[in-house]
Amino acid sequence: NMRSILFAGICLFAFAACQREQAVVNGKNNLPCGTVENLDSSTIHNRLLGEWVLKRQSSPTGQVTIPGDTILVQFRSPSGYTLTRNGELISEGTWSLVSEGNSVIDDQSVAMWRLGQVSATEFLGGYVFVCGTELSLLASFYDGMDQLYERK
Numbered sequence: 007n008m009r010s011i012l013f014a015g016i017c018l019f020a021f022a023a024c025q026r027e028q029a030v031v032n033g034k035n036n037l038p039c040g041t042v043e044n045l046d047s048s049t050i051h052n053r054l055l056g057e058w059v060l061k062r063q064s065s066p067t068g069q070v071t072i073p074g075d076t077i078l079v080q081f082r083s084p085s086g087y088t089l090t091r092n093g094e095l096i097s098e099g100t101w102s103l104v105s106e107g108n109s110v111i112d113d114q115s116v117a118m119w120r121l122g123q124v125s126a127t128e129f130l131g132g133y134v135f136v137c138g139t140e141l142s143l144l145a146s147f148y149d150g151m152d153q154l155y156e157r158k
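Following this note's numbering, the numbering of the sequence shown begins with 7 at its first residue and continues without gaps.
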């Protein structure tokens, strides 16, 4: 639609402003519980533990993809993870939370954490937000895909 085309055009001329704008545009649908919490790493670490199934991916342009396969990630304590597609292993290894400083989202200062030491895949990457039964990995801040997972 015209708004998307206009938005893309503005991005080319105002990259830094566009990055902030995308966080707002895509963030609302993809944030767990529809909001963000300012959390420390140990709280996020504890909330991440367990199994998560991928429900939705969103591109920076707002295109939403519902996966046809069952994508499952399991985070184990203290730092192990496995990622499977329809029961077949895609990637495994160790994970950590890496601080990326603070950002302002919904008019509040929020500590930004991303997954570190994780093999780069199309399903894991971005800033980590966990609330209730939802996990969001948001990469639209830097033109990647946003992932929304649900606790299994």
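Yeah, the Cβ is synthetic: ideal placement off N, Cα and C, and Gly gets one too.
Of the listed residues D152, A117, N36 and V59, nearest to E128 (C-alpha basis): D152
If you draw a straight line from the C-alpha of R53 to the C-alpha of V136, how long is it? 7 Å
With DSSP collapsed to three states, give me the class of F5. Since the first residue of the chain shown is 7 and the last is 158, residue 5 is not available in this structure.
M118 and S109 - do their beta-carbons sit closer together than 7 Å? yes
Would you decide whether L144 is buried or exposed? Buried here means 16 or more other CB atoms lie within 10 Å of its CB. buried
Would the region 55–63 count as touching the region 101–108 if we require 3 or more Cβ pairs under 8 Å? No, the region 55–63 is not in contact with the region 101–108.
Starting from L54, trace the alpha helix (DSSP H) both ways and give me its first and last residue. Run containing L54: S47 to L54, per the alpha helix (DSSP H) assignment.
Taking the continuous beta strand (DSSP E) assigned at T67, which residues delimit it? Here T67 belongs to no beta strand (DSSP E), and DSSP marks it neither H nor E.
Using only CA atoms, which one of Y148, F147, E140 and S146 lies nearest to L154? Comparing C-alpha distances from L154 to each of Y148, F147, E140 and S146 shows the shortest one belongs to E140.
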